[in-house]
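Heads up: the protein sequence lines correspond to chains U and D, in order. According to this note's numbering, the first sequence is numbered sequentially starting from 365. According to this note's numbering, the second sequence is numbered sequentially starting from 365. Just so it is clear, CB atoms sit at the ideal spot from N, CA and C, and this is done for glycine as well. From a predicted model like this one, the values you see are computed outputs, not experimental measurements.
Number of protein chains: 2
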Amino acid sequence: MPQNATSSASKSQTGYNLDEQVGFILRRVSQRHLAIFAEHIPDLTSTQFAVLAKLCEVGPLSQNELGRRTAMDAATIKGVIDRLRLRGLVTSRPDPGDLRRITVLATEDGRAMFDQFSQAALAITEETMAPLDDQERVAFLTLLQKLV
Amino acid sequence: MPQNATSSASKSQTGYNLDEQVGFILRRVSQRHLAIFAEHIPDLTSTQFAVLAKLCEVGPLSQNELGRRTAMDAATIKGVIDRLRLRGLVTSRPDPGDLRRITVLATEDGRAMFDQFSQAALAITEETMAPLDDQERVAFLTLLQKLV
DNA sequence: TCAAATTCATTCGTACACAAATAAAGTTTG
DNA sequence: CAAACTTTATTTGTGTACGAATGAATTTGA
Chain U
365 MPQNATSSAS KSQTGYNLDE QVGFILRRVS QRHLAIFAEH IPDLTSTQFA
415 VLAKLCEVGP LSQNELGRRT AMDAATIKGV IDRLRLRGLV TSRPDPGDLR
465 RITVLATEDG RAMFDQFSQA ALAITEETMA PLDDQERVAF LTLLQKLV
Chain D
365 MPQNATSSAS KSQTGYNLDE QVGFILRRVS QRHLAIFAEH IPDLTSTQFA
415 VLAKLCEVGP LSQNELGRRT AMDAATIKGV IDRLRLRGLV TSRPDPGDLR
465 RITVLATEDG RAMFDQFSQA ALAITEETMA PLDDQERVAF LTLLQKLV
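Right under this line is the structure:
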């Protein structure tokens, strides 16, 4: 009997096979998604677009709050905002009610950029999900949501 | 009628809602997975462990080939191997048959490290998938695989 | 057979991602 | 009210991730 009863993939004695682990597959799916993203929206990274989209969706937010809503920690959101500000897509002003806070908002240019690319962003989602039919997409999103 | 017919989440005029996009959910699931990883295996990053696992699984490989098998580009795999080598977990030697190539292999310590943590790595996969029952896990992995 | 194309490893630059430490501002509570 | 705690933003350091450029080695194909 051959060394492996379950599949063609090799396995160590301990039963660990990299190619079967969720984390590894998850990373590769993310890579594919980010490649699709860069094809459709080469001007912005996916994280930059996420921040811009969130600002356009809900309006001005403090930097930390914005980070929370886009799933970025304080250090990360700062860098993203710095780069967006450098390009004139967002501005910030002090919060009059709380001297610790910085309120971040999209500029005219930022809004224009979001409007310009929001359709492309939907196309990115579509292309990422392209290998699945409609039923599978619903099922996949439902399951994926449970893993957050 | 309120502005939104489909759900409680807000939507822009263009129909783009960040929280519904696969890419965004994918990123958050990856974040959760990496947090679980770091809890179980604080000594190595998931990418470092992936490289070590692949080397223990298939034996010595050229640096580029190793990168291909672990889904890392040439620049990324070099950094990962440099850090693993610095810690004595892998070594490398020139390929006699091809002067461009560097053959990378796990050291004794590297193998020991993999053996020590391979069970933990399986527990990481288990914990990542914990919100799903057995049927859902199979379904999820099948669908996720299609998106690579 | 020799020029063109490809592969391999390296380097540089940019951009997340997060831990840990810090300081200032705000909140809670004894 | 003051001490203790929390929140906010910043900084530093480490580690992916990838595009682009480079040079050396190998393969190819006319």
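Query, Result
"Own chain residues within Cβ distance below 7 angstroms of Ala484(U), not counting five before or after", "His404, Ile405"
"CB contact below 8 angstroms: Gly431(U) versus chain D", "no"
"For Ile466(D), the three-state DSSP class (helix, strand or coil)", "strand"
"Proximity test, Cβ basis, 8 angstroms: Leu408(D) and chain U", "no"
"Neighbour list for Leu507(D) in chain U, Cβ cutoff strictly below 8 angstroms", "Leu496, Glu500, Ala503, Phe504, Leu507"
"8 angstroms CB neighbourhood of Ser394(D) in its chain, flanking five on each side removed", "none"
"Top-ranked residue by Cα proximity to Gly387(U), from Arg457(D), Asp383(D), Gln412(D)", "Gln412(D)"
"Boundaries of the beta strand (DSSP E) in which Val454(U) is found, first to last residue", "454-458"
"Distance between Arg396(D) and Thr506(U) (C-alpha atoms, nearest Å)", "17 angstroms"
"Any chain U beta carbon closer than 8 angstroms to Arg391(D)", "yes"
"The stretch 498-512 of chain U touching the stretch 495-511 of chain D, judged by at least three CB pairs closer than 8 angstroms", "yes"
"Three-pair Cβ contact test at 8 angstroms for the stretch 479-493 of chain D versus the stretch 426-437 of chain D", "no"
"Option in Arg465(D), Gly474(D), Tyr380(D) with minimal Cα separation from Asp327(D)", "Lying outside 365 to 512, the shown extent of chain D, residue 327(D) is not represented and no answer is given."
"Neighbour-count burial assignment, Asn368(D), 16 or more Cβ in a 10 Å radius", "Bear in mind that the predicted position of Asn368(D) carries a pLDDT of just 43, short of 50, making it unreliable; the figure below should be weighed with that in mind. Per the 10 Å Cβ criterion, exposed."
"One or two residues paired with Ser426(D) in a DSSP bridge", "Thr467(D)"
"Local conformation of Ile405(D) per DSSP, three classes", "coil"
"Per-residue DSSP class, three states only, for Val502(D)", "helix"
"Other residues of its chain near Glu491(D): CB distance less than 8 angstroms, five sequence neighbours each side excluded", "Ile400, His404"
"DSSP state of Leu508(U) mapped onto helix, strand, coil", "helix"
"DSSP state of Thr489(D) mapped onto helix, strand, coil", "helix"
"Contacts that Arg396(D) makes with chain U (C-beta to C-beta distance below 8 angstroms)", "Leu511, Val512"
"Neighbour flag for Phe482(D) against chain U, beta carbons, 8 angstroms", "Per the sequence shown, the amino acid found at residue 482(D) is Ser instead of Phe. Chain U contact via Cβ: present."
"As assigned by DSSP and simplified to three states, the class of Ala494(U)", "coil"
"C-alpha gap between Ile389(D) and Lys418(D), whole angstroms", "28 angstroms"
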